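According to full-length UniProt numbering, the sequence shown is numbered sequentially starting from 1.
To keep things clear, I will list the structure first and then write my remarks on it.
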Amino acid sequence: MHDAAFLERALALVRADPLRAYPKPTVGAVVVVNGEVVAEGVTEKGGRHGEVVALDQVAGKVAGGTIYVTMEPCSHWGTTPPCTERVLAEGLTRVVAASLDPNPEAAGGLDYLRERGVTVESVDCFEARALSEAWRTFVAKRRPFVAYKVATTLDGHVTLPGERWITGEASRRLVHELRACYDAVAVGMGTVRADAPRLDARDVPTPHGQPRRLAFGRGPLPEGSELELCTGPLADELARLASEGVQSILLEGGPTLAGAFLDAGLVDKVLLFVAPVLNGGDGPTAFPRLGSVARLSNLAVSRIGDDALIEAYVNAP
Ligand SMILES: NC(=O)c1ccc[n+]([C@@H]2O[C@H](COP(=O)([O-])OP(=O)(O)OC[C@H]3O[C@@H](n4cnc5c(N)ncnc54)[C@H](OP(=O)(O)O)[C@@H]3O)[C@@H](O)[C@H]2O)c1
Numbered sequence: 001m002h003d004a005a006f007l008e009r010a011l012a013l014v015r016a017d018p019l020r021a022y023p024k025p026t027v028g029a030v031v032v033v034n035g036e037v038v039a040e041g042v043t044e045k046g047g048r049h050g051e052v053v054a055l056d057q058v059a060g061k062v063a064g065g066t067i068y069v070t071m072e073p074c075s076h077w078g079t080t081p082p083c084t085e086r087v088l089a090e091g092l093t094r095v096v097a098a099s100l101d102p103n104p105e106a107a108g109g110l111d112y113l114r115e116r117g118v119t120v121e122s123v124d125c126f127e128a129r130a131l132s133e134a135w136r137t138f139v140a141k142r143r144p145f146v147a148y149k150v151a152t153t154l155d156g157h158v159t160l161p162g163e164r165w166i167t168g169e170a171s172r173r174l175v176h177e178l179r180a181c182y183d184a185v186a187v188g189m190g191t192v193r194a195d196a197p198r199l200d201a202r203d204v205p206t207p208h209g210q211p212r213r214l215a216f217g218r219g220p221l222p223e224g225s226e227l228e229l230c231t232g233p234l235a236d237e238l239a240r241l242a243s244e245g246v247q248s249i250l251l252e253g254g255p256t257l258a259g260a261f262l263d264a265g266l267v268d269k270v271l272l273f274v275a276p277v278l279n280g281g282d283g284p285t286a287f288p289r290l291g292s293v294a295r296l297s298n299l300a301v302s303r304i305g306d307d308a309l310i311e312a313y314v315n316a317p
């Protein structure tokens, strides 16, 4: 095995449940001595970091070894002691990290270790960053990560005359699973007035509880609505929500609000569910006229039932 394979193993530990340590980032770690994996660890919820989980299994026995981590070891006292000190105490001589820590308070672990004679290698791995994209945006920008999710016809429309749904059952179930992974779900008042959506995660596991459900606009909300009205400027509302611990928002439209978020640079990712149907007429499209060209990155395409899901980043994490 070589570096890429050991890092892949560390990534796989996180991929199994990226929100395992929520609201903290989930980090995977693999300890290697003489080319053999001797321990693996992943961050515990409310507990030890991945490095420490792995090193606790082989304490005192890995001097001269290498640790592979999905994010550089922290170098500060947070809820746990600095992982950098543990790496030094165990006598590890090499650290390979798939991403840097964006948290200004904890960053610099690799530099700290290098200054103390450890060989450090920083591998910039998109997947390592994407696996904790919400947390990274939340700590680096002090606002929630925003994903614009929208269902469209093949000709780009967000409505279909005479139909409640554009996409199929598999896509709609996936949307409920997505809602369960986000801290909040949001729509504009135009969508509230047109559809009165509930926005909860239904018939899926919700290990982190139901998302907060937000409506952006002046209101008023319909009687009995369980949505929270967000009336301020978008950036102010996002800063407030972040101060209340909201790390991620699934923005479910409509196009007017999504356009305003895009123009303000506040959409990080787009999730476009495209159904094989043509509207053929007029009506709103998924992306309204924007102030400027936006080139997206890290495109991924998958088939969901009869639909296509296109994912891409406006702001890669
Ligand atoms: N296919 C899909 O995935 C999908 C998803 C959602 C909606 N839709 C469809 O889209 C249609 C509604 O879309 P829409 O574009 O009319 O409504 P919308 O984007 O949901 O809501 C527009 C409203 O957002 C509020 N808002 C808050 N901050 C804003 C800002 N900075 N800039 C602009 N607006 C802001 C305003 O509410 P106030 O007027 O109260 O100030 C505005 O009228 C419906 O037909 C719905 O069925 C489709």
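From the three backbone atoms N, C-alpha and C, an ideal C-beta is built for every residue, glycine too.
The model shown is predicted, which means the values in this text are computed figures rather than measured ones.
Closer than 7 Å: T191 CB and nearest ligand 1 heavy atom: In this structure, T191 has its CB closer than 7 Å to one or more heavy atoms of ligand 1.
Close beta carbons around T79, own chain, < 7 Å, minus the five adjacent residues each side: Around T79: no qualifying Cβ.
D195 Cβ short of 7 Å to ligand 1 heavy atom set: Within the cutoff, so yes.
Endpoints, alpha helix (DSSP H) assigned at V52: For V52, the enclosing alpha helix (DSSP H) has its first and last residue at G50 to Q57.
Cβ contact check for the segment 232-247 and the segment 166-177: 3 or more pairs under 8 Å: Segments in contact, no.
Heavy atom of ligand 1 within 7 Å of G168 beta-carbon: Flag unset: Cβ of G168 not near ligand 1.
Cut-off 6 Å between Cβ atoms - residues of its own chain near Y112, not counting five sequence neighbours on either side: Closer than 6 Å at Cβ, skipping near neighbours: S75 and T84.
Whole-angstrom distance between D183 and R142, CA atom to CA atom: Here the C-alpha atom of R142 lies approximately 15 Å from the C-alpha atom of D183.
With 16 other Cβ atoms within 10 Å as the buried cut-off, status of T119: Exposed, because fewer than 16 other Cβ atoms sit within 10 Å of the Cβ of T119.
With 16 other Cβ atoms within 10 Å as the buried cut-off, status of V301: V301 should be labelled exposed.
Same chain, Cβ closer than 8 Å to T152, five either side skipped, listed in chain order: Excluding sequence positions up to five before and after T152, its CB lies within less than 8 Å of the CB of V158, I166, L272, F273, V274, A275, T285 and A286, all in the same chain and listed in chain order.
E252 Cβ short of 7 Å to ligand 2 heavy atom set: Absence of ligand 2 is noted for the structure shown, with ligand 1 being the only ligands found.
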